[in-house]
Structure formats: C-alpha cells, structure tokens
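**Student:**
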Amino acid sequence: MSNDHGHHKETFISKYVFSMDHKMISKQFLITGIIMGVMGVAMSILFRLQLAWPDTSFPILNWLFGDQWAPEGRLDSGFYMGLVTIHGTIMVFYVLTAGLSGTFSNLLIPLQVGARDMASPFMNMLSYWFFFLSSVVLMSSMFVSTGPASGGWTIYPPLSALAKAMPGSGLGMTLWLIAIILFIVSALLGGINYITTVLNMRTKGMSMNRMPLTIWAFLLTAILGLLSFPVLLGGGLLLMFDRLAGTSFYLSDIFLGGGIGALEQSGGSPILFQHLFWFLGHPEVYIIIMPALGITSEVIAVNSRKPIFGYTAMVISLIGIAVLSFLVWGHHMFITGMNPFLGTVFLIMTLIIAVPSAVKTFNYLATLWKGSIRFTNGMMFAIGLVSFFITGGLTGLFLGNAALDISLHDTYFVVAHFHLVMGSSAIFGMMAGIYHWFPRMFGRTMNKTLGYIHFWLTFISAYMVFFPMHFQGLAGVPRRYYTFDILPEFAPWLDVNVFITMAAILGGVAQIIFLWNFFSSIFAGEKSSQNPWGANTLEWTSPVEHIHGNWPGEIPTVYRWPYDYSLPDMDEDFVPQNVPDEGSSEEIHVTPVNPVSSDAKKEPEESNVMFFTMVKNWFGLGRA
Amino acid sequence: MSNTAVSTTSTWAGGKSPFKISYGKLMMWFFLLSDAFTFSSLLVGYATVRFSFPQANETQMAELRKEMPFGTDVHEMFHANPDGFVGAMNDRGIFAETQWPAPELVFNHFPGHHLHWPLMFVSLMTFILIMSSVTMVLAVEAGQRMERKKVEIFMLLTIIGGLMFLGCQAWEWTKFIGEGAKLYTNPFGPVTFAALFFLVTGFHGFHVLSGVVINFIIYLNVLKGTYEERGHYEMVEKVGLYWHFVDLVWVFVFTFFYLI
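Set out below in structure tokens:
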C-alpha cells in the first residue's frame, strides 16, 4: 500500500461515516462505546435504586419507563431483570470488548507497528458497522412490548429457549441473539484484521520482540476472540433454532405452569449450552482485560520513565493467560453436577492462571519502583487498574476453588469479584488509554484537573460500591434478586444496599465530569505537541494532523525496542524506536515530516533475534 | 532496495510477511480457523446429544443385516406393514425414541429404485465433493502456470461438482422429510437426531452454496481476464482454500452423522 491514497477526494460520508481510515474507525468505536457505556451505567444506577429503596416511589422511573415497566414509580420485577441483563450485556460486549479493544486495536496497531492502515480497511469498516447495527438491535429490544431479554447476560436455557417461559424470553430474547450474532461477525472481521496486520505488516526492524506490549496484548486478544466467538456463534445458532423452530437441543422434558403443561421437546441438554457459552465466556473476560493490561504496560513504562520490568516475562505471561483461558471455562459450572474429578482439573487450571497474572502485577510494581513517576491522568488510571486487578484477583482464588464456590456461587461475592477484576480494572485501563492517547486521536490534551477529579471520584466510589458486596456475598445474599425484604435474613443488608447505591450514584456523577472533559476537549482542549508524554513508540512520530497512510514520507524503520527510557549518557530521557543505535543526540529530536532522514539509516543493533530465540534465552537455553 | 541496513535474514524482523504470503491469504487462513471452531462447536453439541443415547442393539442389528442384505427390495419385503419399512423397524424397537437410530437404516435410499443400499448415496455425494476438490487443485495449479484456459475449465468443473453435491443434498433432505423427519419430529428415533442432522448438514450446505457463489464470481473474473491482467491467480488460490476447507468439514460431518 502506498501513501498516495492521501489524494482521494473525500466527502463528509467517506471521511466521517463510512470511513476506511483506521484512526477514524477507532474514534467511531470509542464514541459508540461511550454512548453504550453511558446507557449501561445509567441502567445500573436505576436498578440500584430499586435495591436500596424497594418501597419508595421514584417519579423518574415512571417518567422513563412508563406505567408498564415502572407503575407508581417502582420498577416492575421483570423489567428489573431486563435492566440487569442489558446492563451486563452492554458492559461486557459493547463497552469493554468493542469499545476497548475495537478502539485501541484500531488506533494503535497500524500506528505502533508502522503500517499505513489495517490489512483490509474495507473489512475494518464493515467491522464497525456490524457493531453499530448490533448496538441498534440490542437497544431496540428495550422498546418491544414484552420487554428486553431478562434471563441474565449468560442467557441460560431453558428460560431463554422458551418464548413462553416469561415475558423477557419473547421477542426481546430473539433480538438479543440477533444482536450478539451481529456482534460476533463484527468481532471476527476486526480480529482477523488485527492479527493479519500485526503479523504481516510490521515495518522494517519491528521484530516480534520489539513490539510494544500493547500490540502483544491486542494480538493475543484478537486470537482469543477469533477462537472463542465462533463457539458462541454455534451455541447461539442452536438456541435460535430451539426458540424459533421447535428443536430441542437444549431442552429435555419440561413442564410449564400457567395452563401450558408438558412440552413436546425432549432429548437435549441445557448444560450443553453452558459449556458452549463459557467456552466463549471465559476467554471473553481475558478479551476484556488483556487490552487493558497492554495499555497499562505502555502507560506505566512511559510515565515511570523506566524500561518496562521483565518485557519477556510480560509477553510470556500474556501467552500463558491466553492459552490457559481456554482450559478453565468449567469453573463457572462447578454446581452443574459436573464430575468432581473434572472439577478438580478446572480448579487447578484456574489457580494456575494466578501465576501469569501475578507476574504481570509484580512487573508493574517493579516498573514503578524507583521510577521518576509522572502522575499524568493516564498514569493514575493505570495504577488504579493495578489496584483493582490485585483486589479482584485475590477473590478469584476463592471462587476458583470448587469447594468454596459451591457456597459462594451466585452470591454478591461473585458480583464483587468480577466487577473489580474485569469491570473496574478494564474500565480503568480504557480510561488510561483514553487520557494517554487523546492527543494522538484529537491533537489536543484533556483537562488535567478534571481528570484528577474524575479519577479520585471513580476510584473511591468503585471501591465503596464493590467492597461491601464481598461481605454481602459471604453472608449468602444472592445476586439477581429483585428485592430482599421478602426474607428476614437479608434485612441487615438493606442499609448496606443504601450505602452501595449512594456510592454508585457518586460514581455515575464522576462519569459526567469525564464526559464533559472528553467532549469539550475535542474542540477546546489545549493543543498537544508532537510527543506530549515523551514516549518511544512509533505513533508519536506520525503527524498530529491525521493523514491517510499515517506517515507522509517513508514509514519509519525501527532500530530498538520501545522501552529505552532514561538511558545513561543521553540528553533526553527517552529514545524513540526509530532512532538508530549509534545516533547522535540531534537524531533524537524527531522531525514529524520525514522521521527517517536518509543519513539516519544505520546498521541496526545485532540482537535482532527471532521470537523463539527470545523464548530460548528466557529459559536460559540459548546462551552460549 | 537501498535499505539493506535492517536485517532481512530474520523471518520475524518486520518489513515483510513472516509466512511469505499476502495479507489476503493470511486472512483466509484465520477465517478458516475460526470457522473450524464454529463447526467444532456444532459437532461437539452433536456428540453430547448423540452419546446421551445408547446405540442400536448390536445383536439385533446383526440379525437384521442377515435378513436384509445389500440390495433387498425394502418395499416388497415390508409391504405387509401399513407404515412400511419404518413401521416394521418401529415394531422391532430399532427405531425407538430411547436409542440412537443406526444411520445405515435411515440413509439407505438411492434414486431410481427401492432397494436397500445403505449409505451408498451419501458415499456418492462425498465422492462428488472430493472430486470437486481435485478439480479445484487443478485450477489453482493451472493458475500458477498462468494457463487461463485450463483455469476456466477446472473452475467450471468445480462449480458443477458443488452444484451436484447440493442437488444430492436436496434429494436426500426431501427423502428424509418425506418420511416424516422434521426439526421437531423424527420417526426414526430421538427428535434431536433429525434436528441435528438438518442443522449441521444444512449449515455445511450453506457453506457449499456460498462457496459455489464465490467460485462463480471468481470464474467470471477468470473469463474476463482480470487475473491475467493482474499477473497472478491468487484469488483462485484463496477461494481454493475455502473450498478445500468446506470439503474437509464434510469429511467430519460424514463421519459423525453417517459412520459412527
């Protein structure tokens, strides 16, 4: 691909709507993700109102949802479940998969590996528009007369397979499935592109062991998506047939109340769906967290002004997480009557994942150690991610243990665990990415003071929301209950629910600050310099003004890994990747127009080793 | 190239494809990988349901094979039973809801006569599909030698093979449906047998159909001389990959549904 497609005549539609430029597509993903995120967070606050004050009338609920779903200002119990379901679906798929990985894979993969664009810009555009369509279909399910899908985001059959089982299993559920199938198509189109671009289109000198850790994370995320989403596609297809064509893949003998009686279906197994679902579902949580971890690696290294600690260990732990994530899905199903031996296998695999996760955490801490830390907004959120990852990760050890899980399953302990370890963590990784790469996306920086306020309010409120839930869960409070005043055992926890809801409202308000900061900075933020954070990666060598093809002249050649910070005997404390090894100090100042002047092409460093050599060295096998 | 400063010896050093292939072909491989997982999920679903039922009784089956050898006229043999062959098998408990039917008794038809030819028709289908893979390979090979005429011929043969396969499948489905099998009922035994058969072979048939359509588009381009102008026939190679994949999947579907 040459850069002469910068000369295309561009209309508004080809530039902003059906754009094939990866930078514009990443903005489309981000803004759609933010809109979906606003809706997801708003839903969570609305159903938290119900949990905190079950008997109080909120006119706003009646105003929003009308007499059918919120008569007299109190949520209908079915619609409460619908809100919980759609909140989960939005946050897991639309915000933290498409919004996070879609945004940053698109923005950073071509820019950081040194490519003019994605391998197939057209497929990339399709990927966004399938995602957009999917979002529209999902949100439209809020407006059907039987309500949105309300069996939880895991849509277990038989509840989801029988339209008559409850109102939320009607058209809303069908729309949910259509939305997810469109989403899968989008994820596959994107994922194939990401992998191919990383493998095939790296610039000269960008060997695998010189790739920024963000790219490693996006690559492995895309591989996980590529191998796990199709399984949900298969599972969803079978579920669709059960719903619409009267098959019984997931249905065995069923008796429905309400005068319907015994159904004809027989011979299927609802547990089969759980296996197919969690074969996606577990890799999915790593699809969510790995891009956030990659972003954090980059942001922490840049703002500690230190090389990332243990680059090879970081890569290997990412690979380890990716491989293990396919072998642990059964830990979501310990109480399905699974053979205890099989449960033990899943238990051991699950606990082994703690090892690479801990390697990453310790490497973050070791990178911070004695660094000259710059507490930029992005850095604050990156450190916040490490905090949530540790807190949430520790409870993962409880839940991964089959014996404990049997009593903790489906309690608020689980809710607290995953909201910290993949919810808050990944949101913080996404925020770190937004604050850090905002200058790259929009040529301006976000307001720092508002960023700090946003960080502290979000950080504190997230802990205030999710920390008490651990104690609720340990006391046996089950998740997905509409109200707790039916059982006297739960009465003591009502006050805690009030506290949690208040903290959730505080967290919601903090996001309004973020939204203001984000959208106003696009138009009125401080103009950013070429390389505002003093980072080494290639995206900061391309011009601030977005152009087709990313670099006006030749694509820069890479001579070093991306973490040469604070090298001794250097004027600057960073050396960008495109600076030759024996370069003089003038070459460190990157000229944006032609980053690689012809006299700058020097011999690259000798250690241009292949990835496998790197692995061998890591195990001490390659050292002669 | 003047820029030899950066190592060009190392496979993964960047600036080129580590696999020495174009991005389009690489994308096709990754697509096929993910599609393989889709089919795997369906076949795992099949296996889960399949093995929750017992097999047809082996001694009973052995007796039946002696009684009803290859080429028996089934219509004549079971004309006394008002429900014909299926009814007779039902009476013996071979097509019971509690056990998985033996495929050789379900798929024993052949167009043109009523003789008992177990699995002959599906073997023919499989043979046709595999032969279409052979012609595909010949098209790809001719493309590499830039022999446009041969590419045209072999692409056309591949398309015909695909259409024949689809026709066979249509005939087999019609027969199966005519005997009473639907997504929600199955005279041969458990309903899930029919449902899985229709779903998985249908999903595969959909792949064959899309393959035929894509092959046809590429064939038109070959006729127009698009690839000759381009200087290479890589598109033929890419659709070839897809076609071979679809054939490979059929081998598994065939094994799972007809042989096991």
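Residue numbers (the numbering used here), protein chains in the order written: chain A, -7 to 616; chain B, 4 to 263. Where a beta carbon is used, it is the ideal one built from N, C-alpha and C, also for glycine.
Is aspartate 86 of chain B helix, strand or coil by DSSP?
**Tutor:** Three-state result, aspartate 86 of chain B: coil.
**Student:** Drop a sphere of 10 angstroms on the beta-carbon of glycine 227 of chain A, count the other beta-carbons inside from all chains shown, and report buried for 16 or more, exposed for fewer.
**Tutor:** Glycine 227 of chain A is buried by the Cβ-count criterion.
**Student:** When you compare only the Cα positions, how much space is there between glutamate 232 of chain B and valine 347 of chain A?
**Tutor:** So the two alpha carbons sit approximately 55 Å from each other.
**Student:** Could you work out which residues of chain A lie near phenylalanine 40 of chain B, taking near to mean beta carbons separated by less than 7 Å?
**Tutor:** In chain order: Leu219, Pro222 and Val223.
**Student:** Tell me whether asparagine 600 of chain A sits in a helix, a strand or coil according to DSSP, three-state version.
**Tutor:** Any reading at asparagine 600 of chain A must be qualified, since the residue scores a pLDDT of 46, below 50, and its modelled position is unreliable; the value itself is stated next. DSSP places asparagine 600 of chain A in coil when its eight states are reduced to three.
**Student:** What does alanine 59 of chain B touch in chain A if you count any residue whose Cβ is under 8 Å from its own?
**Tutor:** Per Cβ cutoff of 8 Å: no residues; alanine 59 of chain B is ~16 Å from chain A at best.
**Student:** Can you check the region 77 to 133 of chain A for any alpha helix (DSSP H) of at least 4 residues that lies completely inside it and give the ranges in chain order?
**Tutor:** Correct list: 95 to 105 and 113 to 132.
**Student:** Whose Cβ in chain B lies nearer than 9 Å to the Cβ of methionine 198 of chain A?
**Tutor:** Residues of chain B passing the Cβ test: Ala16, Gly17 and Gly18.
**Student:** Indicate the three-state DSSP secondary structure (helix, strand or coil) for aspartate 397 of chain A in the structure shown.
**Tutor:** In this structure, aspartate 397 of chain A counts as helix in the three-state DSSP scheme.
**Student:** Can you check DSSP and say which residues form a bridge with glycine 623 of chain A?
**Tutor:** Since the first and last residues shown for chain A are -7 and 616, residue 623 of chain A lies out of range.
**Student:** Could you please give me the residues that DSSP links to glycine 164 of chain A through a beta bridge?
**Tutor:** In the DSSP output, where bridge partners are listed per residue, glycine 164 of chain A has A:Pro140.
**Student:** Can you tell me where the alpha helix (DSSP H) holding arginine 618 of chain A begins and where it ends?
**Tutor:** Examination of residue 618 of chain A is not possible in this model, given that chain A is present from -7 through 616 alone.
**Student:** What separation, rounded to the nearest whole angstrom, lies between the Cα atoms of isoleucine 505 of chain A and histidine 247 of chain B?
**Tutor:** If I take the Cα positions, the gap works out to 55 Å.
**Student:** Is tyrosine 120 of chain A buried or exposed, if buried means 16 or more other CB atoms sit within 10 Å of its CB?
**Tutor:** Flag for tyrosine 120 of chain A reads buried.
**Student:** Alpha carbons only, please: which of B:Gly74, B:Leu244, B:Gly90 and B:Phe157 is nearest the one belonging to alanine 145 of chain B?
**Tutor:** Alanine 145 of chain B has its Cα closest to that of B:Phe157, out of B:Gly74, B:Leu244, B:Gly90 and B:Phe157.
**Student:** In this structure, what does DSSP give as the bridge partners for glutamate 518 of chain A?
**Tutor:** Answer by DSSP bridge pairing, in chain order: A:Thr437.
**Student:** Quick one, which of A:Ser132, A:Ile292, A:Ile426 and A:Gly164 has its alpha-carbon nearest leucine 357 of chain A's?
**Tutor:** Closest option to leucine 357 of chain A, Cα to Cα, is A:Ile292.
**Student:** Should isoleucine 180 of chain B be labelled buried (16 or more other beta-carbon atoms within 10 Å of its own) or exposed?
**Tutor:** Answer is exposed; the Cβ neighbour count stays below 16.
**Student:** What ranges does the beta strand (DSSP E) occupy inside the region 325 to 359 of chain A, keeping only unbroken runs of at least 3 residues that lie completely in it?
**Tutor:** Whole beta strand (DSSP E) segments, 3+ residues: zero.
**Student:** Any C-beta of chain B sitting closer than 8 Å to the C-beta of glycine 94 of chain A?
**Tutor:** Taking Cβ atoms only, chain B never reaches closer than 8 Å to glycine 94 of chain A, which makes this a no.
**Student:** Could you name the residues that DSSP lists as bridge partners for aspartate 76 of chain B?
**Tutor:** According to DSSP, which records beta bridges pairwise, aspartate 76 of chain B is partnered with B:Leu118.
**Student:** Quick check: what's the CA-CA separation for isoleucine 5 of chain A versus methionine 12 of chain A?
**Tutor:** The alpha-carbon atoms of isoleucine 5 of chain A and methionine 12 of chain A are separated by roughly 11 Å.
**Student:** Enumerate in chain order the residues of its own chain whose CB-to-CB distance from methionine 71 of chain B is below 8 Å, with the five nearest sequence positions on each side excluded.
**Tutor:** Once the five neighbours on either side are set aside, the close Cβ partners of methionine 71 of chain B are Val77, Met80 and His119.
**Student:** Kindly list the residues whose CB is nearer than 6 Å to the CB of tryptophan 321 of chain A, restricted to its own chain and excluding five residues on each side of it in sequence; keep chain order.
**Tutor:** Same-chain partners within the cutoff: Trp270, Phe271 and His274.
**Student:** Given that isoleucine 281 of chain A touches chain B, what residues does it touch there, using C-beta distances under 8 Å?
**Tutor:** Residues of chain B passing the Cβ test: none, with the nearest at roughly 21 Å.
**Student:** Looking only at its own chain, which residues have a Cβ that is under 7 Å from the Cβ of tryptophan 15 of chain B, when we skip the five neighbours before and after it?
**Tutor:** Correct list, in chain order: Pro21.
**Student:** At a CB-CB cut-off below 7 Å, which residues of chain A make contact with glycine 165 of chain B?
**Tutor:** What glycine 165 of chain B touches in chain A: nothing, since even the nearest Cβ is about 23 Å away.
**Student:** So within the region 169 to 204 of chain A, which uninterrupted beta strand (DSSP E) runs reach at least 3 residues, ignoring any that extend past its ends?
**Tutor:** With a minimum length of 3 residues, no continuous beta strand (DSSP E) run stays inside the region 169 to 204 of chain A.
**Student:** Counting along the chain, where does the alpha helix (DSSP H) carrying lysine 362 of chain A start and finish?
**Tutor:** Segment: none, lysine 362 of chain A is in no alpha helix (DSSP H) and carries neither H nor E.
**Student:** Measure from the alpha carbon of valine 47 of chain B to the alpha carbon of each residue in A:Trp168, A:Pro222 and A:Ile147, then state which is nearest.
**Tutor:** Nearest option by C-alpha distance: A:Pro222.
**Student:** With DSSP as the reference, identify every bridge partner of valine 557 of chain A, one or two as the case may be.
**Tutor:** Sequence check: residue 557 of chain A is tyrosine here, not valine. BP columns for tyrosine 557 of chain A point to A:Phe566.
**Student:** Say whether chain B places a C-beta atom closer than 8 Å to the C-beta of phenylalanine 241 of chain A.
**Tutor:** Phenylalanine 241 of chain A counts as touching chain B.
**Student:** Going along chain B, which residues have a C-beta under 7 Å from valine 550 of chain A?
**Tutor:** Near valine 550 of chain A (Cβ distances below 7 Å), the residues of chain B are Gly17.
**Student:** Between alanine 395 of chain A and chain B, is the shortest Cβ-Cβ distance under 8 Å, so that the two count as touching?
**Tutor:** Cβ-Cβ to chain B under 8 Å: no for alanine 395 of chain A.
**Student:** According to the neighbour-count rule (16 or more other Cβ atoms, all chains shown, within 10 Å of its Cβ), is lysine 196 of chain A buried or exposed?
**Tutor:** The residue in question, lysine 196 of chain A, is buried, as its Cβ has 16 or more Cβ neighbours within 10 Å.
**Student:** For the candidate residues B:Leu159, B:Lys153, B:Gly192 and B:Gly205, whose alpha-carbon lies nearest to that of glutamate 175 of chain B?
**Tutor:** Per the Cα distances, B:Gly205.
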